[in-house]
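A short write-up of the structure that comes next.
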Amino acid sequence: MNCLEERILKDGVVKPGNVLKVDSFLNHQMDVALLDEMGKEFKRRFADKTITKILTIEASGIAIACSAARYFNNVPVVFAKKSKSINIDGDMYVATVESFTHKNVNQVVVSKRYLNEGDHVLIIDDFLANGCALQGLISIAESAGAKVEGIGIAVEKGFQIGGKVIRNMGYHLESLAIVDSMDDQTSTINLRDQD
Ligand code: G4P
């Protein structure tokens with residue numbers, strides 16, 4: 007069991023609606039030693055890949071991406087910004103991302119200056135649920151002519167479709183923790199055995 011899995015079992019809180027709160031260590035208050043271990047684990051899982059850039063999305067992906075970057079030769083981290091504006095100029099790569107959790111739609115944008123043809127990209131994010139955010143990031147990377155070498159996720163909700171969809175698309179997806187089921191009544195979290 008890796009350190010994120012252990013921490014989820016210790017401090018993760020199950021909320022109604024299949025929501026796992028990890029606010030105390032990952033996406034509100036952040037445990038930087040844990041983040042560092044997660045970065046190291048991503049490096050171990052993508053050790054054979056040459057990465058020139060890490061791509062993530064604001065807000066909660068940023069810290070994880072920065073920790074990972076330390077283990078990939080300090081490559082630059084680029085984060086997609088969520089934008090409500092429809093006046094996006096031609097200097098941006100744009101994708102539309104629908105959030106089932108928040109019931110809203112965002113345009114996510116990355117400046118063309120920071121993602122280029124020839125980049126070898128590792129995409130990092132905190133949660134994978136339905137995969138909409140990831141599909142947006144993949145589309146942005148591919149619009150830039152960059153190659154998606156891998157996708158690293160902190161917590162995959164294995165009972166939602168995102169993981170299956172992304173793996174079926176042929177991407178190398180690694181999730182540090184996969185939640186197979188959870189129950190807010192009994193405060194139970196079942197993690198997939200990945201050893
Ligand atoms: P998807 O991108 O995989 O399709 O997921 P979905 O639309 O369902 O989720 C949208 C947002 O909700 C994402 O954050 C995602 O990280 C978060 N999320 C999904 N399930 C959970 C969960 O069980 N627990 C927690 N804590 N978050 C979850 P976001 O709001 O778009 O970004 P951020 O600003 O929070 O990083």
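For the sequence shown, the working numbering assigns the number 7 to the initial residue and increments by one for each residue that follows.
We put the beta carbon where it would ideally sit given N, CA and C, even for glycine.
Whether Glu155 touches His108 by CB criterion (7 Å): no
Give a yes or no on whether the C-beta atoms belonging to Asp131 and Thr62 are separated by under 7 Å. yes
Contact set for Gly137: own chain, Cβ-Cβ below 6 Å, skip 5 residues either direction: Gly168, Val171 and Ile172
Looking at Gly164 and the ligand G4P, is the gap between the Cβ and the nearest heavy atom below 6 Å? no
Within 10 angstroms of the Cβ of Val81, are there 16 or more other Cβ atoms? Answer buried if so, exposed if not. buried
Go to Lys118, then tell me how far its beta strand (DSSP E) extends in each direction, as first and last residue. Counting along the chain, Lys118 falls outside any beta strand (DSSP E), and DSSP gives it neither H nor E.
Quick one: what's got a C-beta closer than 8 Å to Gly18's C-beta in the same chain, skipping five residues either side? Leu26, Lys27, Val28 and Ile195
Throw me the rounded Cβ distance for the Val83 and Ile60 pair, which I believe falls under 8 Å. 5 Å
Phe31 by DSSP, collapsed to three states: which one? helix
Give the range of the alpha helix (DSSP H) segment to which Met188 is assigned. No alpha helix (DSSP H) holds Met188; the beta strand (DSSP E) holding it covers Leu179 to Asp189.
Rounded separation between Tyr120 and Lys88 - CA only: 16 Å
Nearest to Ile157 by alpha carbon, out of Ser117, Pro22 and Phe48? Phe48
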